[in-house]
Amino acid sequence: MERNITRSHSNSYASLCVNRPLMEDSSISSTSQSHSEKTQPFHFRATFETQDIQLVANIRKLHQHTIKLSIKNLQSKQSYNTQEKMAARNQPERNQTKDLKCATHLLSDKFRNMSEEKRKQL
Numbered sequence: 024m025e026r027n028i029t030r031s032h033s034n035s036y037a038s039l040c041v042n043r044p045l046m047e048d049s050s051i052s053s054t055s056q057s058h059s060e061k062t063q064p065f066h067f068r069a070t071f072e073t074q075d076i077q078l079v080a081n082i083r084k085l086h087q088h089t090i091k092l093s094i095k096n097l098q099s100k101q102s103y104n105t106q107e108k109m110a111a112r113n114q115p116e117r118n119q120t121k122d123l124k125c126a127t128h129l130l131s132d133k134f135r136n137m138s139e140e141k142r143k144q145l
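Here it is, written out as structure tokens:
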């Protein structure tokens, strides 16, 4: 089905031409259709307001802008989360705590393996 839409600026109307298939003859079998269908042009006019078209265009732009903002917000959240994780990994207090735990563990192992005489000296 072909469609041709023209708009007249002076009269504010749209003309739509649609080529639609002709009704088949009942004597012709539906299985024996030719490759080139016969069509008949069908014309009609519709009056429209320019404001309606502008409103639709504005809504579409707003929708596209909203999608872009959503994508931008998602990307910034992902970036912020990544930065937060990296900052948490690089905290000096956390590293000091790990070092202290490790040293305490090593000292307690050493103390456990000491003889009784050395323990008494400490």
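Be aware that the sequence shown starts at 24, since it is given in this note's numbering, and climbs by one per residue.
From the three backbone atoms N, C-alpha and C, an ideal C-beta is built for every residue, glycine too.
All of these numbers come straight from a predicted model, not from anything done at the bench.
Give the straight-line distance between the Cα atoms of residue i and residue j, rounded to the nearest whole angstrom.
{"i": "Asp-132", "j": "Ser-102", "result": "43 Å"}
{"i": "Lys-143", "j": "Asn-136", "result": "13 Å"}
{"i": "Ile-76", "j": "Thr-105", "result": "44 Å"}
{"i": "Met-24", "j": "Arg-68", "result": "Bear in mind that the predicted position of Met-24 carries a pLDDT of just 46, short of 50, making it too unreliable to give a figure here."}
{"i": "Leu-129", "j": "Lys-108", "result": "29 Å"}
{"i": "Ile-51", "j": "Thr-89", "result": "Note on Ile-51: pLDDT 49, under 50, position unreliable in the model; the coordinate value appears next. Answer to the nearest angstrom: the Cα atoms are 54 Å apart."}
{"i": "Lys-84", "j": "Asn-96", "result": "18 Å"}
{"i": "Ser-93", "j": "Ala-111", "result": "27 Å"}
{"i": "Gln-98", "j": "Ile-82", "result": "24 Å"}
{"i": "Asp-122", "j": "Asn-113", "result": "14 Å"}
{"i": "Cys-125", "j": "Phe-134", "result": "14 Å"}
{"i": "Ser-138", "j": "Lys-100", "result": "57 Å"}
Determine the DSSP secondary structure at residue i, reduced to helix, strand or coil.
{"i": "Asn-96", "result": "helix"}
{"i": "Ser-138", "result": "coil"}
{"i": "Cys-125", "result": "helix"}
{"i": "Asn-104", "result": "helix"}
{"i": "Asn-113", "result": "coil"}
At least one CB of chain B closer than 8 Å to the CB of residue i: is that the case?
{"i": "Thr-70", "result": "Reference to chain B is not applicable here, since this structure consists of a single protein chain."}
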